[in-house]
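Residue numbers (the working numbering), protein chains in the order written: chain A, 2 to 906; chain B, 27 to 323. Even for Gly, the Cβ is constructed at its ideal location relative to N, Cα and C.
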Amino acid sequence: MGALSFTSPLILAALLGLPLVWWLLRATPPAPREQRFPAFVILRKLINDRETPVRTPWPLLLLRLLLTALVIIAIAGPILNAPPTTPQTGPMLIVVDDTYAAAHGWRARRDAIAAAAAEAEQVDRPLYLLATAPRRNPRDIQPMTGEAMREAAASLTPQPFAADRAGAVQTLETLADAGPFEIRWLSDGLAGDDDERFSDALRALGDVSLFNDSRAPKPILQAVSQSPEGPVFRITRLDAENDWEGTVIAIAQDGRVLARSDAVIAAGESDAEALVELPLALRNDIARVRIENAVSAGSVHLVDARDRRALVGIVAEAAPTGDRLLSGAHYVREALAPHAEIIEDSLPALFDADVSVIVLNDIGAIRRSDVEMLTAWIEKGGVLIRFAGPILAETAQDLSPPLLPVELRGGGRAFGGALTWETPQHIDAFPSDSPFAGLAPPKDALVRRQVLATPGGETTRRSWARLQDGTPLVTGERIGAGAIALFHVTATPQWSDLPISGTFVDMLRRLAFLSALGPEGEEIDADTRYQPVRLLSGDGRFRRPTQEDAALAISDMAKEPGPDRWPGLYGSPEAPLAVNAVRAETVYEPLQVDNLRASPYVAEPPQRLAPPLFAAALILLLIDAVATLILAGKLSAPRFGAAALVLALAVPMLPATPAYAQPLDRTIDAQTADAALTTRLAYVRTGDPALDRLSAQALAGLSRELYRRTALEPGPPAAVDPETDDLSVYPFLYWPIAPGAETPSESALANIENFMRFGGLILFDTRDDERALGAGATPEAQALQRVLSQLNIPPLTTVGQDHVLTRSFYLLTDGLYGRLRNNPVWVAAETAGANDGVTPVIIGGRDWAGAWAIDSFGRPMRAMPQGGSRELAYRAGINMVMVAFTGNYKSDQVHTPILLQRLDR
Amino acid sequence: MNDNQIATAIRHDAEEAASHFPPLLVEAERIAQTVAAGLHGRRRAGPGETFWQHRPYSFGDAVSAIDWRQSAREASRLYVRENEWEAAAAVYLWRDPSRSLDFASMKSLPTKRRRADVLSIALAILLSQAGERIGVLGEERRPFHGRTAPTRLMEALQASAQTGSAPPHAHLPPGARAVMISDFYTDVDEVEASVQALAATGAKGVLIQVCDPAEEEFPFRGRVEFRDLESSDKLTFGDTGALAGQYKRQFAAHRRSLEALAQRTGWTFVVHRTDKQAHLALLALFAALGDMRRWVS
């Protein structure tokens with residue numbers, strides 16, 4: 002509800018006259034009832050001693066007063082939400098924040114500009130437009146006409162940047178001489194760095210009205226972190242008053258939706274986190290994440306290739322010996338494959354590939370240069386996972402190998418052998434400070450052999466997993482940003498059951514997550530400039546890069562996006578580098594400007610109240626008239642009451658066809674049921690009565706001949722409308738094309754396509770054979786083209802000599818006769834495949850209906866032209882119907898001689 | 027409008043009016059049946075239309091009166107054909123032609139005119155069955171008699187050029203009877219002038235006042251504007267309910283003066299209300315006209 006105002010409030014003063022009306026109405030008696038009366042002689046003798054006028058009953062009096070008041074108020078012209086009148090005449094400046102935050106309600110801004118343009122145009126005020134998003138090459142701000150303003154507004158689109166208010170202040174300074182302005186600031190509602198300065202600069206130029214859609218949530222999406230379950234995003238919104246519910250969807254490069262995650266921001270909160278839960282195997286497929294139904298570059302997060310999952314390198318063993326089940330690398334690969342990329346290569350090659358995890362399987366001696374490289378890599382964040390084995394145990398006996406978390410004792414320890422009295426050990430619960438904390442130790446996994454560490458505090462501290470006797474199973478040590486972990490058993494099940502337990506998978510996964518080395522760690526060439534692949538527009542859609550869009554270096558990508566650092570994807574399409582419109586550190590807060598009153602964009606439209614008031618007055622007038630008539634005896638109250646009652650009862654009954662939702666299974670109407678019980682031919686109703694009658698007569702004639710000559714005994718033909726009727730019960734549809742026929746609706750087309758797909762046969766007849774000789778298409782042919790262009794029609798070919806249509810019942814050596822036969826008849830090419838290659842359409846202009854049509858006495862309706870044969874036309878019709886019913890059965894028979902010949906051979 | 031069109035319009039109106047005749051006749055006949063039983067003819071020779079007897083020719087008989095066919099049967103005698111004597115008495119009817127009769131206070135009631143017409147025709151039927159003649163008071167035409175008399179009377183009433191609610195001053199042949207059917211909503215003096223003129227010639231008669239119940243009971247209340255049916259006069263009363271008593275007194279006085287008039291002249295005054303059955307009025311009328319045979323002398 003907005004404010005109520007009157008166009009001519011002075012008229013309301015007439016309300017003061019109401020008491021006068023009251024007095025007048027009271028003084029005037031109601032009209033007497035009229036009565037015809039013959040005994041006037043006697044009446045004349047009566048002495049009328051009591052001429053006391055009956056006073057108007059008070060309800061009627063009140064009614065009339067109300068009526069008068071209503072009319073007075075209505076004449077005064079009350080308007081709800083009347084637009085404020087603009088007394089200004091000077092130039093008007095429209096400031097638009099064309100930023101990503103404004104993309105949410107861009108239409109409102111465009112409408113506001115158009116409205117302002119229309120308003121200013123009326124009095125020829127010059128218009129200025131200032132868009133605050135940063136521009137690549139900002140132009141000077143020039144006065145415009147309303148028309149130019151509308152064009153400028155139409156070409157203005159939201160940019161995927163935040164507003165550059167500091168730059169806008171500079172532009173405003175150039176306008177200082179042109180003012181004072183009426184300024185409309187169509188803000189994006191987003192706080193920036195120089196808001197106060199900007200609003201001060203605006204106020205210096207004239208009266209500012211600020212438009213702000215502060216009630217729109219305008220959510221943005223920021224990547225927060227990677228959790229073991231998937232990436233976590235933060236949704237921040239501007240309006241914190243209401244609950245916000247939304248969905249974050251992760252989309253693959255090919256547009257598949259990989260995952261959805263519902264997010265709710267409670268009232269009062271400004272942000273919430275949403276976890277996009279996704280198996281690691283799919284995580285690398287995420288190309289972008291967006292808030293569903295949000296149209297802004299800020300609600301889209303482009304995933305950088307550098308965010309992708311860990312790359313695990315396994316140092317290749319010398320040569321796989323025999324069975325791969327004996328190779329430890331196999332177990333590691335199987336365990337980690339769903340969660341990580343795995344490369345198996347030499348150590349230097351692994352470093353080149355920027356792996357984040359390196360697995361050393363039973364390697365004792367490492368070259369010094371490799372040790373140095375590995376140490377540096379671990380300190381940067383790499384995780385080295387080592388497995389023990391005979392070789393390591395052997396090496397540890399002689400010298401202490403490098404890159405181990407603990408000092409090893411030489412040799413190994415075996416349980417359960419013939420010469421030991423210790424039994425194989427179970428795995429103990431994982432210590433709470435180990436990376437494996439929280440995992441359930443496998444109950445059935447036994448450790449039969451292990452390498453032992455030199456006991457001591459260090460070993461105890463570094464034990465990430467122990468056996469139940471306290472000896473370490475996995476020891477680990479964090480070095481720098483990375484870690485070394487040593488499994489004291491082999492990666493094969495030879496020493497223990499651990500590699501074939503599910504816990505092994507989890508343990509390796511946890512270890513891989515320890516790596517701080519994402520692909521972002523890769524310091525690729527800082528100087529390489531990456532070409533843009535796809536760039537974001539302000540409304541969150543992709544656009545193709547143009548020549549103006551600059552290639553970016555890695556260092557540029559970390560900076561605030563701008564026209565020269567356009568948000569989007571750069572580099573190779575497979576592993577693109579992303580620049581997001583909203584960075585993780587972007588602050589997203591509502592605009593707070595003092596001294597300016599903000600009004601919403603979408604004002605309620607002005608609503609004239611006079612018409613309903615006049616209508617109410619009219620109704621009161623009617624009531625008054627009826628009441629007066631009843632009082633004057635012109636209308637008997639009971640009769641009127643009965644009529645009014647009937648009317649009141651009848652009126653609600655008028656819309657007597659309630660709209661029910663269509664049930665999923667449509668009820669079968671009588672015509673369809675009939676057609677399903679008795680096979681019959683059908684024609685498509687064209688709406689031309691003569692043509693429809695001819696079609697009916699033609700199919701009646703054809704049905705009669707079918708009945709006479711074949712085993713098919715069709716019922717009387719049916720007229721169908723593909724818009725409404727169920728076509729599935731008809732095998733054969735005759736469709737005469739009338740010139741200028743309407744293209745069927747979408748539902749009709751779907752109906753027809755279904756009909757053809759499931760084995761129906763449509764005979765399209767343009768009946769223009771004799772006229773379709775020239776190059777130009779006849780009106781019928783044009784109409785047919787309009788129909789067919791909407792349909793999924795297989796490739797067409799002419800009916801050849803040995804087409805099944807020419808031999809399905811009669812052997813027609815001369816093709817399919819109609820009433821005419823000049824032009825070829827088209828059918829689906831046999832290679833089309835569906836329905837065993839039976840054509841779903843026969844298209845021709847031979848006016849078959851004209852040849853088949855008979856009247857109710859069996860007499861032909863249309864003359865055959867010179868050289869035409871009705872008999873052959875019937876034969877052609879019978880062949881067509883036979884094809885509709887028997888498909889390519891006869892076509893198979895065509896090959897019988899060849900088959901027989903083959904069998905003989 | 028040329029003559030042709032006027033003629034067409036008149037004929038149309040006449041046909042429309044005549045379309046009411048058959049039901050009127052039927053209704054009148056039905057009512058007449060209930061009264062007619064027990065009437066009989068003159069049973070003597072005299073001027074008439076039906077055969078009564080043959081008698082021998084005697085001197086003085088007109089030659090034209092000889093029934094030649096009968097006389098031819100016998101060699102030496104001449105016979106004169108005598109018809110049955112038919113009533114010399116005639117009843118002259120006046121039915122108020124004024125518009126004040128076109129009134130019925132309720133849909134279920136007939137208008138006073140219809141009731142008056144029914145009574146007139148029923149009377150005509152009875153009289154014609156009795157062989158009497160019936161004429162229209164104040165018309166120059168001869169009275170009607172015979173089976174067609176009701177129809178013709180009806181036509182004559184329809185075609186009558188009389189207006190006004192007072193009965194005409196007419197001269198009747200001696201021994202004739204007069205019947206006046208009206209609501210008599212007119213000055214009693216006018217009625218009296220007419221009745222006295224008739225009574226002066228020795229004619230006896232009956233006054234039938236046909237009233238609507240509303241006219242007697244005045245069931246109105248509130249502010250009512252009354253409109254006269256005959257003139258465009260209007261009378262408005264603020265409180266009609268309070269006037270009912272006064273009205274009834276005036277109405278009764280009017281009726282009493284009519285009764286007094288009837289008494290003075292030896293006529294009979296009959297009151298009939300349209301909500302009563304028509305044959306009651308017809309019986310009263312017939313009784314008032316008295317025994318028909320008495321008229322013969």
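8 angstroms Cβ cut-off: residues of chain B touching residue i
i, result
"A:V42", "Y211, T212, D213 and H280"
"A:I48", "Q272"
Residue i at chain A interface by Cβ criterion, 9 angstroms
i, result
"B:D254", "yes"
"B:F295", "no"
"B:E241", "yes"
"B:L306", "no"
"B:G190", "no"
"B:G157", "no"
"B:V250", "yes"
"B:F129", "yes"
"B:T300", "no"
"B:Q276", "yes"
DSSP bridge partner residues for residue i (one or two, in chain order)
i, result
"A:T799", "A:W827"
"B:K230", "B:R203"
"B:W120", "B:M206"
"A:F234", "A:A224 and A:A275"
"A:S497", "A:V448"
"B:K260", "B:R253"
Any C-beta of chain B under 9 angstroms from that of residue i
i, result
"A:A671", "no"
"A:L19", "no"
"A:A743", "Looking at the sequence shown, residue 743 of chain A is not Ala but Glu. No, A:E743 does not count as interfacial toward chain B."
"A:R34", "yes"
"A:P30", "yes"
"A:F38", "yes"
"A:R45", "yes"
"A:P664", "Below a pLDDT of 50, predicted positions are generally treated as unreliable, and A:P664, at 44, falls in that range; the measurement from the model is reported next regardless. False, the Cβ-Cβ gap to chain B never drops below 9 angstroms."
"A:S6", "no"
Start and end residues, alpha helix (DSSP H) containing residue i
i, result
"A:W186", "It is not in any alpha helix (DSSP H) - A:W186 instead sits in the beta strand (DSSP E) that spans F182 to L187."
"A:D399", "P391 to D399"
"A:S200", "D196 to L206"
"A:M907", "The structure shown does not extend to residue 907 of chain A, since chain A spans only 2 to 906, so no value can be given for it."
"B:S90", "From DSSP, B:S90 is part of no alpha helix (DSSP H); its letter is neither H nor E."
"A:S790", "P780 to S790"
"A:P403", "Neither: A:P403 is in no alpha helix (DSSP H) and is coded neither H nor E."
Range covered by the beta strand (DSSP E) that runs through residue i
i, result
"A:Q36", "R34 to R37"
"A:N880", "Careful: A:N880 lies outside any beta strand (DSSP E), inside the alpha helix (DSSP H) at R871 to T887."
"A:Q171", "Here A:Q171 belongs to no beta strand (DSSP E); instead the alpha helix (DSSP H) covers R166 to E174."
"A:G314", "L312 to V316"
"A:D346", "E342 to D346"
"A:G845", "V842 to G845"
"A:V372", "Looking at the DSSP string, A:V372 is not in any beta strand (DSSP E); the run it does join, the alpha helix (DSSP H), is R369 to K381."
Neighbour list for residue i in chain A, Cβ cutoff strictly below 7 angstroms
i, result
"B:D259", "F41"
"B:L269", "L47"
Within chain A, partners of residue i - CB distance below 8 angstroms
i, result
"B:M208", "Inspection of the sequence shows that residue 208 of chain B is occupied by Ser rather than by Met. Result: empty, since nearest Cβ-Cβ is about 11 angstroms, beyond 8 angstroms."
Original post:
Can you list, in chain order, the stretches of the beta strand (DSSP E) that have 3 or more residues and sit fully within the stretch 674-757 of chain A?
Top reply: Segments of the beta strand (DSSP E) lying fully in the stretch 674-757 of chain A: 681-685, 716-721 and 733-737.
**OP:** Please go through the stretch 564-633 of chain A and give each complete alpha helix (DSSP H) segment of 4 or more residues, from N-terminal end onward.
**Re:** Taking 4 residues as the shortest admissible run, the stretch 564-633 of chain A contains the following complete alpha helix (DSSP H) segments, listed from N- to C-terminal end: 611-632.
**OP:** Can you check the stretch 136-168 of chain B for any beta strand (DSSP E) of at least 3 residues that lies completely inside it and give the ranges in chain order?
**Re:** You should have 159-162.
Original post:
Residue ranges of each alpha helix (DSSP H) run of no fewer than 4 residues wholly in the stretch 267-317 of chain B, ordered along the chain?
Top reply: Taking 4 residues as the shortest admissible run, the stretch 267-317 of chain B contains the following complete alpha helix (DSSP H) segments, listed from N- to C-terminal end: 304-315.
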